[in-house]
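> The sequence shown runs 1 to 112 under the working numbering.
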Amino acid sequence: MPSMSETSSGTVYIPSSILDGREHRRNDRSFSKVIASVGADTVIIPGHGKPLSTLDDLKHYHEMLATIRDNVARLKSAGRSVDETVAANLREAFDDQWAKAIISPAFFTRFV
């Protein structure tokens, strides 16, 4: 049996207190630290969601969060309302994997 390592990532992303952007920057640093510190064979035990994840799972999740965050910020800077931002369907590229989560795409976008 090949050797395997595991890590518990805890809850890296809690979408609260994010309105000023500081939480997002901290989340980016946290994700980057976990991603840099684990190998491809590491089993990641997340704080929420599915019981076990891989390094690729974590990278995809981080990419999804960062992309949606950046797109929301772009629309906000352009003066779009919350409803217009939700209607832009910023999560569409990720819906095949993430739309089945407990948080709906519209709610998630409003929260970001």
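Ideal Cβ positions, reconstructed from N, Cα and C, are used throughout, including at glycine.
Within 10 Å of its beta-carbon, does R29 have 16 or more other beta-carbons around it, so buried, or fewer, so exposed?
In the sequence shown, the residue the question calls residue 29 occupies position 29. Classification for R29: exposed.
> So which of G39, S104, F94 and F111 has the shortest CA-CA distance to T67?
Sequence index remark: in the sequence shown, residue 67 carries index 67 (1-based). Among G39, S104, F94 and F111, the Cα nearest to that of T67 belongs to F94.
> Here's a check: name, in chain order, each residue in its chain whose Cβ is nearer than 6 angstroms to the Cβ of S104, leaving out the five neighbours to either side.
The residue given as residue 104 occupies position 104 in the sequence shown. No residues qualify anywhere along the chain.
> Given a threshold of 16 other Cβ atoms within 10 Å of its Cβ, counted over all protein chains shown, does N27 qualify as buried or as exposed?
Residue 27 sits at position 27 when you count from the first residue of the sequence shown. With 16 or more Cβ atoms within 10 Å of its Cβ, N27 is classed as buried.
> Return helix, strand or coil for D57, following the three-state DSSP convention.
For this step, residue 57 is matched to residue 57 along the sequence shown. In this structure, D57 counts as helix in the three-state DSSP scheme.
> Does the Cβ of V112 have 16 or more other Cβ atoms within 10 Å, making it buried, or fewer, making it exposed?
Counted from its first residue, the sequence shown places residue 112 at position 112. So V112 ends up on the buried side.
> May I ask which residues mark the beginning and end of the alpha helix (DSSP H) holding P105?
Along the sequence shown, one-based indexing puts residue 105 at 105. Where P105 is concerned, the enclosing alpha helix (DSSP H) stretches over P105 to F111.
> Nearest-angstrom Cα distance between I44 and L65?
Within the sequence shown, residue 44 is the residue found at index 44, counting from 1. Within the sequence shown, residue 65 is the residue found at index 65, counting from 1. C-alpha separation (whole angstroms): 18 angstroms.
> I'd like the list of long-range same chain contacts for A40, defined as Cβ closer than 6 angstroms, with 5 residues on each side in sequence excluded.
Taking the first residue of the sequence shown as 1, we reach residue 40 at position 40. Excluding positions up to five away in sequence, the list reads L55.
> Grouping DSSP H, G and I as helix and E and B as strand, with all else coil, what is I44?
Your numbering for residue 44 matches position 44 in the sequence shown. Strand at I44.
> Rounded to whole angstroms, what's the CA-CA distance from I35 to Q97? Just pull it up for me.
Residue 35 sits at position 35 when you count from the first residue of the sequence shown. Residue 97 sits at position 97 when you count from the first residue of the sequence shown. For I35 and Q97, the distance between alpha carbons rounds to 20 angstroms.
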